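For reference, the structure is listed below as structure tokens.
Structure, rendered in structure tokens:
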């Protein structure tokens, strides 16, 4: 009986030690400077709101509102969060400062470019495959443009416990989950219409790098590699768009391990256009993860291989899915999606 | 125009006039139909998202709203959903399967009029539990072809026993074909739990009183104990489960996919048509002692791999060589193995010489080759053999060989025709062993162990070739694809490499920058076990030049067995800085 009791005690001790270790392993990383700055920015933003505004901006961390985002404009899609157009200039600045606090400089510029493009679209009648009317706003008709972006904060801004920032509107959905020092920006949807416009004397292409780097990569492949990469069918839209959280399609195309190191770097560079929207520290961690999974990452292409032609492409690995899809044959109207099927909304970080 | 159609048009027009004008919408004159297919062993589930564009929304609304009241009733929704399913066809293994509607959700007409209202349908097809092996699914969507734009995707199966091996679509994606395999369940787990039950019962009968007391004292700890016992038993039988998970045969498409997608573009190395390692069989007795049949073999080079494969009897083999020519010769060998009835027939095809009389399954390798040696090559036989070999690969296996591939095979077979077993040698000088000498060589104990030494040895290789289980790859040992992909494949199939014949390739890797490091990193990423073994070879002249101690012998080469983990540890410890170091630490077994 003594030996048996000893065995039982030993097993219990092992179990306890294992449980403690597992808990420690799952603990969030220490808060970095980005998280600290984001907490300050979030509190500044939230504290500046009226009670009514706050009721539109603050949600519990696990609120179903978290998945209530879309590429669609107001009027078609009801976001229920806080609309930029309803805010004073100071509150609007605080909103954008909060968004900027978790993004890289280039990423925030991309967001600005997408938003400004939407304003251009509003003023130009909607484009060939886009909207044809502006105006409206909350409770009104269909509307897009700079006023029609929405912000929501899920959970309590913290350097230790999970919370999330959601910002988006027409052609933009940014979801940044923050758990300690870890920041995750999946799922997110950067899109563009027009894909090219002039503003203040400058030509802006919000997703120009994504387009150009994608074409550069497909053209860097040799004939045999292209045969593997290029799908023999048309892809007319995103396969895993805004509502398709956590889904994993059977990958196709060429495995990154079939690429030489230069081509692999080009592939990583393409992916970085999405990953690098997030702040540099978090983007570097994500890129390291994608690089580690390169042997199981696919690159698929459909359509023209001449830059300026119509083409869809997809990067799919164990922890990343990126799609780039022109809409209905319109080069001036691009949708993209960036996902991590294992970590959308930071699922991996907040798992019990 | 009849009254009913006129009514529909009027209603649609009125409805359109009442709705806001299209704004900020995306779909215009297309009806996007996205289907995602999930496959399990006994069912297929379809999720169908239908998004009518702005300009076709009214047409779709008219299809749904049969009573023209501007609303979608449950019955109208169901009827429309059924009509959608009726324009779809799902076949499994060439047999049509009935699609049953399991769910539907309709947007408002207002949302649809903006071009972004999505109709979401779910359907399922019950199928008999699919047996292990390959299966083919065909799906066609012909719903509203005049305005339809289609996406069809397979989801990664949640069922780990279902593995998708290939997908095909027509250009517009309304036709979809998918090949998948159902792999055998890992029976080791079942054995585990049976053992657990048995052990638990036996323990209870044996120490009933003690257990009763323990249970009363602490039911939680008692539960933990039982769970721990289960885990321990499961772990002990996990290796058995792994052995069930590698394929027992690979279908042709998957074989070609592996050959092409796991391969690299290839590099240069002197061309040769046969091995020149006369010491290959020296290590076979030890190799048989340290490895168990049923593992995974990896190797480099040509027919010497068949000899090792016959010895270790793996369930799967990968031959990785930087020369594309090497892969082509293996594919040619594959065809010859498959076409041949026995060793004599095989040699007849390989050497383009008519089969001599008097050879049978008991003939020794020496008797076989001696019988062929004096015969002249037969041009007609060569033509027939070549045609049959290429036909075997391209028409039976349906491997899409290029004209260049066929020309390579023609050149290779012609080499065997225009030389003979006693003059064909591996690359190097004319002191290298001939084909006849290698096939009739022995181990250090005097036993002939080549793949042509016995009918049994030959059949081991032939059986694997017939099942597409010898995979020739083009790959650089220091590359970032072929060996990496083998590792990924084996991990996915829960198998480990038990033999890796590396010949003298490491000599070149140590001479090429950090290629040796890359190679050991590649090997380190392979699934290995405690018995995983390298077969290394060194030429006697290199051994003299580099001061590598090898036993005295008349052989030009010497082969060694080394535990792979020992090499990896030595490399990690910085003990392997040169090719010579391989033969110092750890000490080879032969």
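Residue numbers (my numbering), protein chains in the order written: chain A, 4 to 355; chain B, 199 to 788. Quick reminder that beta carbons are idealized off the backbone N, C-alpha and C, glycines included. Since the structure is predicted, the reported quantities are computational estimates derived from the model, not experimental observations.
Same chain, Cβ closer than 7 angstroms to residue i, five either side skipped, listed in chain order
i, result
"residue 279(B)", "299, 302, 319"
"residue 545(B)", "566, 570"
"residue 23(A)", "At residue 23(A), the pLDDT of 39 sits below 50, so the modelled position is not reliable; the number obtained from the coordinates is stated separately. Closer than 7 angstroms at the Cβ level, and outside the excluded window around residue 23(A), lies no residue."
7 angstroms Cβ cutoff, residue i in contact with chain A
i, result
"residue 312(B)", "yes"
"residue 441(B)", "Note that residue 441(B) has pLDDT 36, beneath the 50 cutoff, so the model's placement of it is unreliable and the number below is only indicative. Chain A contact via Cβ: absent."
"residue 347(B)", "yes"
"residue 257(B)", "no"
"residue 364(B)", "no"
"residue 286(B)", "no"
"residue 354(B)", "yes"
Beta-carbon contacts of residue i that lie in its chain and below 6 angstroms, excluding the five residues immediately before and after
i, result
"residue 50(A)", "none"
"residue 727(B)", "694"
"residue 73(A)", "80, 245"
"residue 735(B)", "475, 701, 702, 755, 757"
"residue 231(A)", "257"
"residue 287(B)", "338"
Reference residue i; option with closest CA among the options
i, options, result
"residue 256(B)", "272(B), 247(B), 312(B), 233(B)", "312(B)"
"residue 46(A)", "167(A), 119(A), 283(A), 318(A)", "167(A)"
"residue 562(B)", "649(B), 451(B), 776(B)", "649(B)"
"residue 559(B)", "656(B), 270(B), 724(B), 487(B)", "656(B)"
"residue 383(A)", "334(A), 328(A), 314(A), 175(A)", "Since the first residue of chain A shown is 4 and the last is 355, residue 383(A) is not available in this structure."
"residue 594(B)", "381(B), 272(B), 451(B)", "451(B)"
"residue 686(B)", "444(B), 272(B), 771(B), 377(B)", "444(B)"
"residue 777(B)", "752(B), 744(B), 761(B)", "744(B)"
"residue 173(B)", "774(B), 244(B), 574(B)", "Outside the displayed range of chain B (199 to 788) lies residue 173(B), so it cannot be described from this structure."
"residue 498(B)", "766(B), 271(B), 675(B), 295(B)", "675(B)"
"residue 147(A)", "123(A), 158(A), 154(A)", "123(A)"
"residue 352(A)", "108(A), 288(A), 183(A), 321(A)", "183(A)"
Own chain partners of residue i with C-beta closer than 8 angstroms, once the 5 adjacent residues on each side are dropped
i, result
"residue 243(A)", "250, 252, 324, 326, 340, 342"
For residue i, the first and last residue of its enclosing beta strand (DSSP E)
i, result
"residue 202(A)", "200-202"
"residue 304(B)", "Per DSSP, residue 304(B) belongs to no beta strand (DSSP E) and is neither H nor E."
"residue 346(A)", "Premise fails: residue 346(A) is in no beta strand (DSSP E) and is neither H nor E."
"residue 351(B)", "346-352"
"residue 166(A)", "166-172"
"residue 244(A)", "Careful: residue 244(A) lies outside any beta strand (DSSP E) and carries neither H nor E."
"residue 505(B)", "Not the beta strand (DSSP E): residue 505(B) falls in the alpha helix (DSSP H), residues 502-510."
"residue 175(A)", "175-182"
"residue 729(B)", "726-737"
"residue 679(B)", "Here residue 679(B) belongs to no beta strand (DSSP E), and DSSP marks it neither H nor E."
Proximity below 7 angstroms, CB of residue i to CB of residue j
i, j, result
"residue 495(B)", "residue 483(B)", "no"
"residue 348(A)", "residue 164(A)", "no"
"residue 317(B)", "residue 516(B)", "no"
"residue 352(B)", "residue 235(B)", "yes"
"residue 696(B)", "residue 730(B)", "yes"
"residue 170(A)", "residue 278(A)", "no"
"residue 285(A)", "residue 186(A)", "yes"
"residue 67(A)", "residue 120(A)", "no"
Interface flag, residue i vs chain B, CB-CB below 7 angstroms
i, result
"residue 195(A)", "no"
"residue 119(A)", "no"
"residue 341(A)", "no"
"residue 278(A)", "no"
"residue 240(A)", "yes"
"residue 251(A)", "yes"
"residue 298(A)", "yes"
"residue 223(A)", "no"
"residue 261(A)", "yes"
"residue 318(A)", "no"
"residue 200(A)", "no"
"residue 152(A)", "no"
Endpoints, the alpha helix (DSSP H) within which residue i is located
i, result
"residue 755(B)", "Looking at the DSSP string, residue 755(B) is not in any alpha helix (DSSP H); the run it does join, the beta strand (DSSP E), is 755-761."
"residue 48(A)", "36-50"
"residue 334(B)", "Careful: residue 334(B) lies outside any alpha helix (DSSP H), inside the beta strand (DSSP E) at 331-339."
"residue 570(B)", "563-570"
"residue 148(A)", "First-last for residue 148(A): undefined, no H or E at that position."
At a Cβ cut of 7 angstroms, what residues of the stretch 668-688 of chain B count as close to chain D, listed as they run along the chain?
Included in the structure are the protein chains A and B, with no chain D among them.
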